[in-house]
Each structure stands twice: as C-alpha cells, then as structure tokens.
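Q:
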Amino acid sequence: MSARHWHDSRWGTLALGLAFPAALALVWQGAAAKGIIDSSVWASPWLVAKAVATQVRDPQFWSDLGASLWRDAQGTVLGILLGLGAGLALGRSALARDFFGPTLDAAKAVPIFTWVPLLAVWLGSGEEGKIAFITLVTALPVLFNTAEGVRSLEARHLELIRLYHLGRLTTFRRVVLPGAGPAILRGVHQAVLFGWLATIGAEFLFEAGNGMGTNINGFKELYALDFVVADMLAIGLVGIIFDLGFGRIEKFLLRWREDSSP
Amino acid sequence: MTQDILTLNAVAKHFAVDGRKVEALRGIDLALRPGEFTALVGASGCGKSTLLRLIAGLDAPDAGQILLNGTQVRGPSRDCGLIFQDHRLLPWLSVLQNIELALSGTTHSAQARQKLSQASLDLVGLADFANAFPRQLSGGMAQRVALARGLVNRPPLLLLDEPFSALDSLTRARLQTELLRIWAHEGNSMLLVTHDVEEAVLLADRVIVLAANPGRIQAAVDITLPRPRLRNSAEVAALKTLILQGLDDFAEAA
Ligand SMILES: Nc1ncnc2c1ncn2[C@@H]1O[C@H](COP(=O)(O)OP(=O)(O)OP(=O)(O)O)[C@@H](O)[C@H]1O
Ligand SMILES: [Mg+2]
Numbered sequence: 003m004s005a006r007h008w009h010d011s012r013w014g015t016l017a018l019g020l021a022f023p024a025a026l027a028l029v030w031q032g033a034a035a036k037g038i039i040d041s042s043v044w045a046s047p048w049l050v051a052k053a054v055a056t057q058v059r060d061p062q063f064w065s066d067l068g069a070s071l072w073r074d075a076q077g078t079v080l081g082i083l084l085g086l087g088a089g090l091a092l093g094r095s096a097l098a099r100d101f102f103g104p105t106l107d108a109a110k111a112v113p114i115f116t117w118v119p120l121l122a123v124w125l126g127s128g129e130e131g132k133i134a135f136i137t138l139v140t141a142l143p144v145l146f147n148t149a150e151g152v153r154s155l156e157a158r159h160l161e162l163i164r165l166y167h168l169g170r171l172t173t174f175r176r177v178v179l180p181g182a183g184p185a186i187l188r189g190v191h192q193a194v195l196f197g198w199l200a201t202i203g204a205e206f207l208f209e210a211g212n213g214m215g216t217n218i219n220g221f222k223e224l225y226a227l228d229f230v231v232a233d234m235l236a237i238g239l240v241g242i243i244f245d246l247g248f249g250r251i252e253k254f255l256l257r258w259r260e261d262s263s264p
Numbered sequence: 011m012t013q014d015i016l017t018l019n020a021v022a023k024h025f026a027v028d029g030r031k032v033e034a035l036r037g038i039d040l041a042l043r044p045g046e047f048t049a050l051v052g053a054s055g056c057g058k059s060t061l062l063r064l065i066a067g068l069d070a071p072d073a074g075q076i077l078l079n080g081t082q083v084r085g086p087s088r089d090c091g092l093i094f095q096d097h098r099l100l101p102w103l104s105v106l107q108n109i110e111l112a113l114s115g116t117t118h119s120a121q122a123r124q125k126l127s128q129a130s131l132d133l134v135g136l137a138d139f140a141n142a143f144p145r146q147l148s149g150g151m152a153q154r155v156a157l158a159r160g161l162v163n164r165p166p167l168l169l170l171d172e173p174f175s176a177l178d179s180l181t182r183a184r185l186q187t188e189l190l191r192i193w194a195h196e197g198n199s200m201l202l203v204t205h206d207v208e209e210a211v212l213l214a215d216r217v218i219v220l221a222a223n224p225g226r227i228q229a230a231v232d233i234t235l236p237r238p239r240l241r242n243s244a245e246v247a248a249l250k251t252l253i254l255q256g257l258d259d260f261a262e263a264a
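Chains as they are written, first to last, in the working numbering: chain G, 3 to 264; chain C, 11 to 264.
1) Under DSSP, the beta strand (DSSP E) around residue 38 of chain C begins and ends at which residues?
2) Between the beta-carbon of residue 259 of chain G and the beta-carbon of residue 98 of chain C, is there less than 8 Å?
3) Measuring from the CB of residue 23 of chain C, is there a heavy atom of ligand 2 at a distance below 7 Å?
4) Does the separation of the CB atoms of residue 46 of chain C and residue 199 of chain C fall below 8 Å?
5) Can you name, in chain order, every residue of its own chain whose Cβ lies under 7 Å from the Cβ of residue 6 of chain C, other than the five neighbours on each side?
6) Thinking C-beta only, is residue 85 of chain G closer than 8 Å to residue 141 of chain G?
7) Check this for me: beta carbons of residue 17 of chain C and residue 41 of chain C, under 8 Å apart or not?
8) In chain order, what are the residue ranges of uninterrupted alpha helix (DSSP H) at least 4 long that sit wholly in the stretch 185–227 of chain C?
9) Using a threshold of 8 Å, state whether the C-beta atoms of residue 194 of chain G and residue 78 of chain G are closer than that.
10) Do you know offhand how far residue 217 of chain G's Cα is from residue 96 of chain G's?
11) Just list the beta strand (DSSP E) runs in the stretch 43–117 of chain C, keeping only unbroken ones of 3 residues or longer that don't cross its boundaries, in chain order.
12) Skipping 5 residues on each side, what residues in its chain have a beta carbon closer than 6 Å to that of residue 41 of chain G?
13) How is residue 194 of chain G classed by DSSP in three states: helix, strand or coil?
14) From residue 53 of chain C to residue 36 of chain C, what distance separates their C-alpha atoms?
15) Mind listing the chain C neighbours of residue 172 of chain G? Cutoff is C-beta to C-beta under 8 Å, in chain order.
16) Which residues share a DSSP beta bridge with residue 271 of chain C?
17) Under a criterion of Cβ closer than 7 Å to any non-hydrogen atom of ligand 2, which residues qualify, in chain order?
18) Determine, using beta carbons only, whether residue 86 of chain G comes closer than 8 Å to chain C.
19) Would you mind telling me which residues of chain G sit closer than 8 Å to residue 68 of chain C, beta carbon to beta carbon, in chain order?
20) Shorter than 8 Å from the beta carbon of residue 103 of chain C to some beta carbon of chain G?
21) Quick one, are the C-beta atoms of residue 176 of chain G and residue 106 of chain C less than 8 Å apart?
22) May I ask you to report which of helix, strand or coil DSSP gives residue 107 of chain G?
23) Specify, as a first and last residue, the run of the alpha helix (DSSP H) that residue 233 of chain G falls within.
24) Got a sec, what are the start and stop residues for the alpha helix (DSSP H) residue 74 of chain G sits in?
25) Rounding to the nearest angstrom, what Cα-Cα distance links residue 149 of chain G and residue 112 of chain G in this structure?
26) Whole angstroms is fine: what's the gap from residue 25 of chain G's alpha carbon to residue 15 of chain G's?
27) Quick test of the definition: if touching needs 3 or more C-beta pairs under 8 Å, does the stretch 165–176 of chain C touch the stretch 57–77 of chain C?
28) Out of curiosity, what's the CA-to-CA distance linking residue 246 of chain G and residue 192 of chain G?
29) Looking at the structure shown, is residue 177 of chain G part of a helix, part of a strand, or coil, going by DSSP?
30) Give the secondary structure of residue 144 of chain G by DSSP, where H, G and I count as helix, E and B as strand, and everything else as coil.
31) Which one or two residues does DSSP pair with residue 231 of chain C in a beta bridge?
32) Counting only the same chain and skipping the five closest in sequence on each side, list residues whose C-beta sits under 7 Å from that of residue 89 of chain C.
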C-alpha cells in the first residue's frame with residue numbers, strides 16, 4: 003500500500019511550491035512597511051507588483067521582450083542545428099572524434115563568457131556578436147550530448163542496419179536519430195534554457211541595443227529597482243515556460259520508452 | 011541436379027572469453043537443398059546462434075567456407091533472413107515500423123510495404139498492435155513480431171533462432187503450423203534452431219544434432235514422416251527418443 007499525501011495532487015504540489023515565495027513576500031512586505039529595510043534599495047513586493055502592472059501596459063517592455071525572444075530564437079535554432087550536425091558527425095566517425103575530440107574537450111574547460119571579447123572583436127558587438135554568442139552557448143550542449151548519444155547506440159541495434167541493408171537516410175531516420183533521441187533531446191533542452199540565459203547575458207555584455215537586458219539596465223541607471231525586479235520576474239517566467247513546454251515535447255517524443263502511463 | 015542453396019565447408023569459429031580460447035564451432039560441414047526444412051538442435055552454448063550469425067554474414071568464420079547460392083558469404087544478403095534469438099526490435103519504432111524496416115530498400119512502394127507488414131502482423135495474431143511500442147508487448151508477443159519481421163520479405167533462406175521459445179504451447183503449436191504453411195507456400199529453405207526436439211521432429215525434413223565444446227555436428231537424422239505429423243503419434247515419439255538418446259549419450263561421454 004502506498005501512502006498518499008494531500009500534496010501528491012497537482013494542486014497540492016503547486017500550493018506547496020508557492021507557499022515559500024508567498025511567505026517570503028509577506029515577511030518582506032512587512033519589513034519594508036515597518037521601515038526595517040530600505041525599500042528604495044530592496045524593492046518591496048507591493049512596489050514590484052505595481053511595477054509589473056506598469057510594465058505590462060508599456061509598449062517598450064513588449065518590444066524589448068519581443069526583441070530578446072527573436073534574438074534568442076535565431077541564435078538557439080542556429081546553435082541546435084550546428085550542434086546536431088557536428089554531434090552526429092562526431093558520434094558516427096571515429097576519425098572525426100579523434101581529430102576534434104581533444105580540442106572540444108579542452109574548449110569545454112574554457113568558461114563560455116571569455117568568448118565575449120573575441121566575438122565582439124570578430125563580429126562587432128551589435129546583433130551579429132550577440133547571436134553568435136547565443137549560438138555558441140547553445141551549440142555546445144547539443145554537440146556533446148548528441149555525440150554521446152550516437153556513440154552509445156547499442157551494437158545489437160546497429161546490426162540491423164547491415165542485416166536489412168538500410169540506406170543512409172533510413173539508417174538516420176529510423177535508427178541513429180531516434181536511438182540517440184533521449185541524449186539529443188537532453189542537449190536541446192539544455193540549449194533552450196541556456197539560450198535564454200545567453201540572450202539576456204549578451205544584452206548585458208555586448209553594446210546596448212534593445213531587449214530585456216537593455217531594458218533592465220535602463221531601470222538600473224534610474225535606480226528603479228522595483229522595475230528591475232519586475233523584469234527579472236518576466237525573464238524568469240519565460241524560462242519556466244520554455245522549460246515546461248520543452249519538457250512536454252520531450253515526453254511526447256520519448257513516449258516509446260516511458261513506463262506505461264495511466 | 012539442383013545446386014545447394016547453402017554449403018558450409020569445414021567452418022570454424024572461436025572466441026576469446028576471459029583470456030581463454032573457446033571453440034564455438036569446429037569443422038562444420040553442411041549442405042541445405044533449396045526448399046529443405048532443416049532443424050538444428052543441441053545443448054545450450056554449443057554454437058547454434060554463432061552458426062546462424064556466420065551464415066547470415068553478420069560474423070566471419072575463422073576458417074572454412076560458407077557459400078550461399080554458390081557464392082561466398084561476405085556480409086548479410088537479401089537472400090538470407092535471420093530471426094534473432096532475442097527479439098531485436100527497435101524500442102523507438104512502433105511494431106509496424108519495426109516490420110517495415112525489413113522491407114527497406116526493396117522495390118515495394120511505401121503503401122505496399124505497410125500492407126505487407128500489416129499482413130505479416132495479422133499472420134502472427136497481432137493485427138491490433140501495429141501502433142504499439144515494443145515495451146508494451148509481452149516477451150512472447152515481441153517474439154511473434156520478430157517472426158513477422160523475419161517472414162515479411164520472404165527470403166529464399168530463412169534462419170530462425172529459437173523463434174518460439176517464449177510462447178505458450180497453444181500459440182507455439184499454432185505458429186508451428188503457420189510456419190509450415192508458409193514454407194509449403196513459399197517453397198523456401200528454413201534452418202530452425204530449437205531446443206525442443208519434438209518441434210524439430212514435427213517440422214523438419216532433417217534434424218541436425220550439434221555437440222558442444224567444440225561445437226560440431228554429432229548426428230543428422232532424416233525425418234521422412236509425411237505431413238501433417240501428429241504430435242503424439244508413435245513415429246514422432248520414436249524419433250524424439252532416438253534424437254534425445256543421441257544428445258544424452260554424448261552428454262555422458264563428455
Ligand atoms: N560474441 C561472443 N564473444 C565471445 N564468446 C562468444 C560470443 N558469442 C558466442 N560466444 C561463445 O560461443 C559459444 C557458443 O555460443 P552460442 O550463442 O552460439 O550458443 P547457442 O548454442 O546458441 O546457445 P543457446 O542455446 O543457449 O542459445 C559459447 O561458449 C559462448 O560463450
Ligand atoms: Mg543461441
């Protein structure tokens with residue numbers, strides 16, 4: 003017999019998860035009201051809520067959010083495609099692995115942000131530099147996971163390629179791609195999350211343009227910390243939506259290996 | 011005189027297991043006539059699966075020669091199908107897609123492939139499971155899908171590695187009859203590995219007994235009983251005893 007708790011239900015879990023931030027906001031609000039903390043430095047939840055209400059009516063906010071999302075989409079799609087191609091080649095070919103592997107492993111040890119100055123010099127710190135940075139950040143997890151997934155395909159499954167004389171396309175579509183699917187999707191999932199982080203990061207690190215990073219920076223200069231926090235919440239929400247949305251896609255694509263669901 | 015569909019001359023294969031040399035097969039001579047149904051019996055580990063893998067071209071022998079239709083086997087051929095001992099279904103493909111894989115690269119249209127695959131699936135009694143994934147099947151069901159995949163492209167020589175081992179006796183009897191029907195209809199050659207001597211006697215024209223360590227042919231028994239053969243007839247029982255005795259004698263001598 004398995005014990006069921008009230009927090010096993012979906013809503014129960016959600017309520018439990020929200021309890022902590024809600025309590026935190028309450029304490030915070032109380033402390034700000036009593037003057038224990040300086041609410042111009044520590045934006046109180048109430049001020050943040052008002053800032054959120056203002057932002058959602060501000061066309062500038064939406065245009066910055068849109069700019070960030072579009073930048074993210076371009077860089078991430080490019081990064082995923084590059085990572086996938088390179089990962090498949092690296093996983094399938096021992097020669098490519100021996101040739102590029104050590105360099106890539108060494109590159110892994112270099113913190114990704116150190117690329118920013120180089121990219122800025124090579125591509126300029128405008129749109130190209132930013133997108134290139136997002137591409138780099140997203141390509142790497144896809145590359146490593148894909149290569150690993152292809153490498154770990156089982157010999158007993160690969161044997162079917164020979165037995166049935168599968169052509170290149172069928173081999174790819176029916177064996178290699180789906181067989182490495184779980185690892186590839188793991189990499190793509192990381193890429194989707196990292197891509198969004200890299201987008202905001204790029205907007206901070208490269209020359210100002212538009213986007214959420216720039217939007218935040220503008221409020222920071224004005225010491226409007228309530229608006230800074232409101233932007234943070236919006237960015238976080240986008241991240242959560244990406245995470246949950248991709249989780250669903252992943253679950254659908256990997257339904258073949260799921261334990262029988264109710 | 012018709013040419014043998016399969017000829018093995020002094021075929022040998024060994025493996026290194028844990029630093030030891032294991033002679034999986036030594037001096038195997040065998041000839042299969044077109045349309046012949048041959049059964050291969052022998053104790054576990056005597057090299058039956060190894061032999062099928064060599065014939066299918068998945069592995070190469072260390073010595074000797076394997077000829078399929080008179081030409082040396084250098085790799086898998088479309089003329090020779092293999093049903094693995096484990097079901098070997100790809101877990102990420104649906105049952106139907108798994109079967110269609112065996113038709114890949116043939117001249118059939120996509121529609122025809124689907125139709126043939128579905129028909130093959132109907133044959134093993136799993137018509138309703140076309141869209142299921144392998145994990146949703148029982149062991150016996152997966153084995154039947156593997157059988158359907160092995161049969162779908164109708165190879166002139168079909169190698170079957172214990173294809174009924176995970177089935178209940180009723181399903182097994184039904185599929186044995188079905189296999190005989192297909193064989194009679196196609197006129198192809200079958201090489202069936204089984205650990206069930208009764209199955210061998212019921213189905214085959216010839217039963218080959220393999221001995222272990224090193225794996226070699228110990229005896230070959232022709233079964234000339236007319237078909238359909240009755241499971242509990244005296245003739246079947248007598249042949250069964252004869253073959254089992256052969257296996258026993260050897261076990262004692264070893
Ligand atoms: N890939 C391999 N590597 C090392 N040894 C192997 C390999 N395949 C088979 N062998 C060895 O060869 C021998 C014969 O194995 P094989 O699988 O052909 O037996 P089998 O007759 O099919 O047995 P069973 O009835 O249990 O399936 C065994 O001793 C096994 O250890
Ligand atoms: Mg075996």
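Even glycine gets a Cβ: it sits at the ideal position worked out from N, Cα and C.
A: Quick look at the numbers:
1) 30–42
2) no
3) no
4) yes
5) Given that chain C is displayed from residue 11 to residue 264, the structure contains no residue 6 of chain C and the question cannot be resolved.
6) yes
7) yes
8) 207–213
9) yes
10) 47 Å
11) 47–52, 73–78 and 90–93
12) 34
13) helix
14) 16 Å
15) 111, 114 and 115
16) Summary: the structure shown does not reach residue 271 of chain C, with chain C confined to residues 11 through 264, and so no result is reported for it.
17) C:58, C:59, C:95, C:171, C:172 and C:203
18) no
19) 161, 164 and 165
20) yes
21) no
22) helix
23) 227–255
24) 61–94
25) 20 Å
26) 16 Å
27) yes
28) 12 Å
29) helix
30) helix
31) C:217
32) 78, 79, 165, 166 and 167
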